[in-house]
Amino acid sequence: MMYTMARVVLVSFALLALGLLRAVADYPYKTMYFDQIIDHFNFKTYGNQTFKQRYLVTEDYWAGGSHPVFFYTGNEADITIFLKNTGFLFDIAPRFGALVIFAEHRYYGESLPFGNHSYTADNVGLLAIEQVLADYATLIQGVKKQLHADNAPVIAFGGSYGAMLSAYLRFKYPNVVRGAISSGGPIYSAAGIGSQTYYFEDVTKVFDSVEASPKCVPTIKEGFSTIASLAQQGQPGLPPSFCHYFADLLEN
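Following my numbering, the numbering of the sequence shown begins with 2 at its first residue and continues without gaps.
Shown next as C-alpha coordinates:
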(Lines of atoms letter the chains of each structure in order from A and count residues from 1; the text may use other names and numbers.)
(Lines give C-alpha, C1' and ligand atoms only; values in the text may rest on other atoms or scores of the structure.)
Protein backbone atom coordinates (compact mmCIF):
# COMPACT_ATOMS: atom_id res chain seq x y z
CA MET A 1 0.00 0.00 0.00
CA MET A 2 2.81 2.40 0.93
CA TYR A 3 4.56 1.71 -2.39
CA THR A 4 1.34 2.41 -4.29
CA MET A 5 0.75 5.66 -2.43
CA ALA A 6 4.35 6.70 -3.05
CA ARG A 7 3.85 6.19 -6.80
CA VAL A 8 0.66 8.24 -6.68
CA VAL A 9 2.41 11.05 -4.81
CA LEU A 10 5.33 11.11 -7.26
CA VAL A 11 3.02 11.17 -10.29
CA SER A 12 0.94 13.91 -8.71
CA PHE A 13 4.01 16.01 -7.87
CA ALA A 14 5.15 15.68 -11.47
CA LEU A 15 1.77 16.77 -12.82
CA LEU A 16 1.62 19.73 -10.46
CA ALA A 17 5.17 20.78 -11.32
CA LEU A 18 4.46 20.64 -15.04
CA GLY A 19 1.35 22.71 -14.56
CA LEU A 20 2.98 25.40 -12.43
CA LEU A 21 6.32 25.93 -14.18
CA ARG A 22 6.61 29.50 -15.28
CA ALA A 23 8.17 30.65 -18.51
CA VAL A 24 11.79 29.57 -18.70
CA ALA A 25 14.10 32.39 -17.69
CA ASP A 26 17.53 33.11 -19.13
CA TYR A 27 19.75 33.27 -16.05
CA PRO A 28 23.53 33.66 -16.42
CA TYR A 29 25.70 30.67 -15.59
CA LYS A 30 28.88 28.80 -16.46
CA THR A 31 28.99 25.05 -16.95
CA MET A 32 31.68 23.33 -14.91
CA TYR A 33 32.70 19.73 -14.20
CA PHE A 34 34.01 18.19 -11.00
CA ASP A 35 35.99 14.96 -10.72
CA GLN A 36 33.61 13.13 -8.42
CA ILE A 37 34.33 9.85 -6.63
CA ILE A 38 32.28 6.97 -8.05
CA ASP A 39 31.80 5.15 -4.73
CA HIS A 40 32.35 7.12 -1.54
CA PHE A 41 31.98 4.17 0.81
CA ASN A 42 33.75 1.19 -0.77
CA PHE A 43 37.17 1.77 -2.27
CA LYS A 44 37.67 -1.94 -2.96
CA THR A 45 35.34 -1.81 -5.96
CA TYR A 46 36.38 1.32 -7.88
CA GLY A 47 39.27 2.64 -5.81
CA ASN A 48 39.82 6.32 -6.52
CA GLN A 49 38.04 6.25 -9.90
CA THR A 50 35.98 9.34 -10.67
CA PHE A 51 33.33 10.59 -13.07
CA LYS A 52 32.58 14.07 -14.38
CA GLN A 53 29.82 15.63 -12.30
CA ARG A 54 28.31 18.69 -13.93
CA TYR A 55 27.50 21.81 -11.97
CA LEU A 56 26.38 25.28 -13.00
CA VAL A 57 27.88 28.40 -11.42
CA THR A 58 26.78 32.02 -11.34
CA GLU A 59 29.43 34.40 -10.00
CA ASP A 60 27.73 37.58 -11.24
CA TYR A 61 26.37 38.47 -7.79
CA TRP A 62 29.14 37.07 -5.62
CA ALA A 63 30.94 39.57 -3.42
CA GLY A 64 33.67 37.06 -2.62
CA GLY A 65 35.31 36.31 0.69
CA SER A 66 32.90 35.27 3.41
CA HIS A 67 29.74 36.00 1.45
CA PRO A 68 27.40 33.00 1.18
CA VAL A 69 27.16 30.18 -1.30
CA PHE A 70 23.63 29.25 -2.40
CA PHE A 71 23.76 25.58 -3.32
CA TYR A 72 20.86 23.94 -5.16
CA THR A 73 20.71 20.20 -4.50
CA GLY A 74 19.84 18.93 -7.96
CA ASN A 75 17.16 16.29 -8.22
CA GLU A 76 15.92 13.77 -10.76
CA ALA A 77 16.55 15.50 -14.12
CA ASP A 78 18.98 17.51 -16.20
CA ILE A 79 20.24 20.29 -13.91
CA THR A 80 19.70 23.03 -16.48
CA ILE A 81 15.94 22.46 -16.18
CA PHE A 82 16.02 23.32 -12.48
CA LEU A 83 18.25 26.35 -12.95
CA LYS A 84 16.01 27.84 -15.61
CA ASN A 85 12.90 27.36 -13.50
CA THR A 86 14.18 28.32 -10.05
CA GLY A 87 14.24 32.09 -10.02
CA PHE A 88 14.17 32.47 -6.25
CA LEU A 89 17.92 31.97 -5.84
CA PHE A 90 18.66 34.54 -8.53
CA ASP A 91 16.18 36.99 -7.00
CA ILE A 92 17.89 36.98 -3.61
CA ALA A 93 21.52 36.38 -4.60
CA PRO A 94 22.24 40.09 -5.31
CA ARG A 95 20.96 41.07 -1.86
CA PHE A 96 23.39 38.71 -0.14
CA GLY A 97 26.28 38.92 -2.59
CA ALA A 98 25.97 35.18 -3.01
CA LEU A 99 27.65 32.66 -5.26
CA VAL A 100 25.01 30.42 -6.87
CA ILE A 101 25.71 26.75 -7.62
CA PHE A 102 23.34 24.20 -9.15
CA ALA A 103 24.72 20.68 -8.77
CA GLU A 104 23.57 17.84 -11.00
CA HIS A 105 22.35 14.61 -9.40
CA ARG A 106 24.43 11.54 -10.29
CA TYR A 107 22.88 9.36 -13.01
CA TYR A 108 21.00 12.33 -14.54
CA GLY A 109 21.80 14.77 -17.31
CA GLU A 110 25.51 14.60 -18.12
CA SER A 111 26.57 13.27 -14.71
CA LEU A 112 26.71 9.58 -15.58
CA PRO A 113 29.23 7.57 -13.51
CA PHE A 114 29.49 4.84 -16.15
CA GLY A 115 28.52 6.74 -19.28
CA ASN A 116 26.02 4.93 -21.48
CA HIS A 117 26.29 1.87 -19.24
CA SER A 118 25.19 3.69 -16.09
CA TYR A 119 21.76 2.06 -15.96
CA THR A 120 22.82 -1.58 -16.23
CA ALA A 121 22.03 -3.90 -13.32
CA ASP A 122 25.69 -4.01 -12.31
CA ASN A 123 26.11 -0.23 -12.21
CA VAL A 124 22.82 1.30 -11.10
CA GLY A 125 23.33 0.27 -7.47
CA LEU A 126 25.36 3.41 -6.83
CA LEU A 127 22.28 5.53 -7.52
CA ALA A 128 21.61 6.07 -3.82
CA ILE A 129 20.82 9.06 -1.62
CA GLU A 130 23.87 8.39 0.56
CA GLN A 131 26.12 8.64 -2.51
CA VAL A 132 24.34 11.79 -3.70
CA LEU A 133 24.78 13.56 -0.36
CA ALA A 134 28.45 12.61 -0.30
CA ASP A 135 28.76 13.95 -3.86
CA TYR A 136 27.36 17.30 -2.83
CA ALA A 137 29.45 17.58 0.34
CA THR A 138 32.61 16.74 -1.63
CA LEU A 139 31.71 19.13 -4.45
CA ILE A 140 31.01 22.01 -2.07
CA GLN A 141 34.35 21.63 -0.32
CA GLY A 142 36.19 21.30 -3.61
CA VAL A 143 34.64 24.40 -5.16
CA LYS A 144 35.16 26.50 -2.01
CA LYS A 145 38.83 25.54 -1.96
CA GLN A 146 39.20 26.35 -5.64
CA LEU A 147 37.64 29.80 -5.18
CA HIS A 148 39.49 30.52 -1.91
CA ALA A 149 36.13 30.78 -0.15
CA ASP A 150 36.83 28.60 2.88
CA ASN A 151 34.93 30.96 5.19
CA ALA A 152 31.85 31.29 2.99
CA PRO A 153 28.73 29.81 4.65
CA VAL A 154 26.75 27.42 2.46
CA ILE A 155 22.96 27.41 2.35
CA ALA A 156 21.34 24.47 0.56
CA PHE A 157 18.15 24.91 -1.46
CA GLY A 158 15.81 22.34 -2.94
CA GLY A 159 12.24 21.59 -3.95
CA SER A 160 10.26 18.33 -3.82
CA TYR A 161 12.79 15.46 -3.87
CA GLY A 162 15.50 18.13 -4.02
CA ALA A 163 14.04 19.57 -0.81
CA MET A 164 14.57 16.22 0.86
CA LEU A 165 18.18 16.28 -0.32
CA SER A 166 18.79 19.80 0.99
CA ALA A 167 17.39 18.88 4.41
CA TYR A 168 19.30 15.59 4.52
CA LEU A 169 22.49 17.39 3.48
CA ARG A 170 22.16 19.74 6.44
CA PHE A 171 21.47 16.80 8.79
CA LYS A 172 24.27 14.61 7.46
CA TYR A 173 26.98 17.22 6.87
CA PRO A 174 26.40 20.13 9.29
CA ASN A 175 30.12 20.88 9.07
CA VAL A 176 29.68 21.62 5.35
CA VAL A 177 26.23 23.21 5.14
CA ARG A 178 25.26 26.03 7.51
CA GLY A 179 21.53 25.89 6.74
CA ALA A 180 18.92 24.60 4.30
CA ILE A 181 15.71 25.89 2.75
CA SER A 182 13.64 22.82 1.98
CA SER A 183 10.49 23.58 -0.02
CA GLY A 184 7.77 20.97 -0.46
CA GLY A 185 9.85 17.96 0.50
CA PRO A 186 7.71 14.87 1.26
CA ILE A 187 10.07 13.82 4.04
CA TYR A 188 7.49 12.45 6.46
CA SER A 189 5.39 10.56 3.94
CA ALA A 190 8.45 9.03 2.29
CA ALA A 191 9.64 7.79 5.69
CA GLY A 192 6.22 6.38 6.55
CA ILE A 193 5.90 8.76 9.51
CA GLY A 194 3.18 11.19 8.47
CA SER A 195 -0.14 10.77 6.74
CA GLN A 196 0.04 9.12 3.33
CA THR A 197 -2.75 11.40 2.07
CA TYR A 198 -1.63 14.82 3.31
CA TYR A 199 -0.47 15.92 -0.13
CA PHE A 200 -3.84 15.20 -1.70
CA GLU A 201 -5.65 16.90 1.17
CA ASP A 202 -3.53 20.04 0.93
CA VAL A 203 -3.87 20.33 -2.86
CA THR A 204 -7.64 19.95 -2.58
CA LYS A 205 -7.78 22.63 0.14
CA VAL A 206 -5.80 25.04 -2.04
CA PHE A 207 -8.21 24.69 -4.94
CA ASP A 208 -11.15 24.96 -2.54
CA SER A 209 -9.82 28.19 -1.03
CA VAL A 210 -9.59 30.14 -4.28
CA GLU A 211 -12.43 31.55 -6.31
CA ALA A 212 -12.76 28.79 -8.86
CA SER A 213 -15.49 26.79 -10.51
CA PRO A 214 -17.52 24.60 -8.12
CA LYS A 215 -16.56 21.72 -10.42
CA CYS A 216 -12.87 22.19 -9.63
CA VAL A 217 -12.59 20.29 -6.32
CA PRO A 218 -14.70 17.30 -7.44
CA THR A 219 -12.57 17.10 -10.59
CA ILE A 220 -9.35 17.15 -8.56
CA LYS A 221 -10.65 14.39 -6.29
CA GLU A 222 -11.70 12.31 -9.28
CA GLY A 223 -8.25 12.76 -10.79
CA PHE A 224 -6.49 11.56 -7.64
CA SER A 225 -8.83 8.58 -7.40
CA THR A 226 -8.15 7.64 -11.01
CA ILE A 227 -4.37 7.92 -10.54
CA ALA A 228 -4.56 5.67 -7.46
CA SER A 229 -6.59 3.11 -9.40
CA LEU A 230 -4.10 3.12 -12.29
CA ALA A 231 -1.19 2.70 -9.86
CA GLN A 232 -2.86 -0.31 -8.23
CA GLN A 233 -3.27 -1.84 -11.68
CA GLY A 234 0.47 -1.52 -12.29
CA GLN A 235 0.03 1.15 -14.97
CA PRO A 236 3.53 2.59 -15.70
CA GLY A 237 2.21 6.02 -16.64
CA LEU A 238 -0.85 8.07 -17.40
CA PRO A 239 -2.58 7.22 -20.69
CA PRO A 240 -3.36 10.07 -23.11
CA SER A 241 -7.07 9.54 -22.50
CA PHE A 242 -6.58 10.54 -18.84
CA CYS A 243 -4.85 13.78 -19.76
CA HIS A 244 -7.39 14.72 -22.42
CA TYR A 245 -10.36 13.90 -20.20
CA PHE A 246 -9.25 15.97 -17.22
CA ALA A 247 -7.87 18.79 -19.35
CA ASP A 248 -11.31 19.18 -20.92
CA LEU A 249 -12.99 19.14 -17.50
CA LEU A 250 -10.66 21.78 -16.06
CA GLU A 251 -10.96 24.03 -19.10
CA ASN A 252 -14.75 23.90 -18.93
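Here a beta-carbon is modelled for each residue, glycine too, at the ideal position from N, C-alpha and C. If you're wondering where the values come from, they're calculated on a predicted model, not measured in any experiment.
Original post:
How do the region 50-63 and the region 92-109 stand: do at least 3 beta-carbon pairs fall below 8 Å, yes or no?
Top reply: yes
Original post:
Does the beta-carbon distance from R55 to Y34 come in below 8 Å?
Top reply: Here the question's residue 55 lines up with position 54 in the sequence shown. Here the question's residue 34 lines up with position 33 in the sequence shown. Going by C-beta atoms, R55 is nearer than 8 Å to Y34.
Original post:
Would you report the Cα separation of E252 and S210, rounded to the nearest angstrom?
Top reply: Indexing the sequence shown from 1 puts residue 252 at position 251. Indexing the sequence shown from 1 puts residue 210 at position 209. Rounded to the nearest angstrom, the two C-alpha atoms are 19 Å apart.
**OP:** If I'm right that F243 touches T220 with Cβ under 8 Å, what's the distance once you round it to whole angstroms?
**Re:** The sequence position of residue 243 within the sequence shown is 242, counting from 1. The sequence position of residue 220 within the sequence shown is 219, counting from 1. Not confirmed; about 12 Å, so no contact.
Original post:
Taking DSSP as the reference, what is the three-state secondary structure of D123?
Top reply: Sequence index remark: in the sequence shown, residue 123 carries index 122 (1-based). Looking at D123 - three-state DSSP - the assignment turns out to be coil, as it is neither helix nor strand.
Subject >> Delimiting residues of the alpha helix (DSSP H) encompassing D209 >> reply: Numbered from its first residue, the sequence shown carries residue 209 at position 208. Taken as a continuous stretch (DSSP letters only), the alpha helix (DSSP H) holding D209 covers Y199 to S210.
Subject >> Closest residue to Q132 among L239, Y162 and R107 (Cα-Cα distance) >> reply: For this step, residue 132 is matched to residue 131 along the sequence shown. Checked all of L239, Y162 and R107; the closest Cα to Q132 is R107.
Original post:
Among the residues of its own chain, which have a CB less than 6 Å from the CB of G235, if the five just before and after it don't count?
Top reply: Along the sequence shown, one-based indexing puts residue 235 at 234. Closer than 6 Å at the Cβ level, and outside the excluded window around G235, lies no residue.
**OP:** Going by DSSP, name the residue or residues bridged to Y34.
**Re:** Position 33 of the sequence shown holds residue 34. DSSP output for Y34 lists R55 as bridge partner(s).
**OP:** Per DSSP, which residues does A157 bridge with? Please list them.
**Re:** As a first step, residue 157 is located in the sequence shown; it is residue number 156 there, counting from the start. According to DSSP, A157 bridges with F72 and A181.
**OP:** Going by CA-CA distance only, name the one from G88, A78, D79 and I82 that's closest to F71.
**Re:** Here residue 71 is taken as the residue at index 70 of the sequence shown, counted from 1. In this structure, G88 is the residue among G88, A78, D79 and I82 with its C-alpha nearest to the C-alpha of F71.
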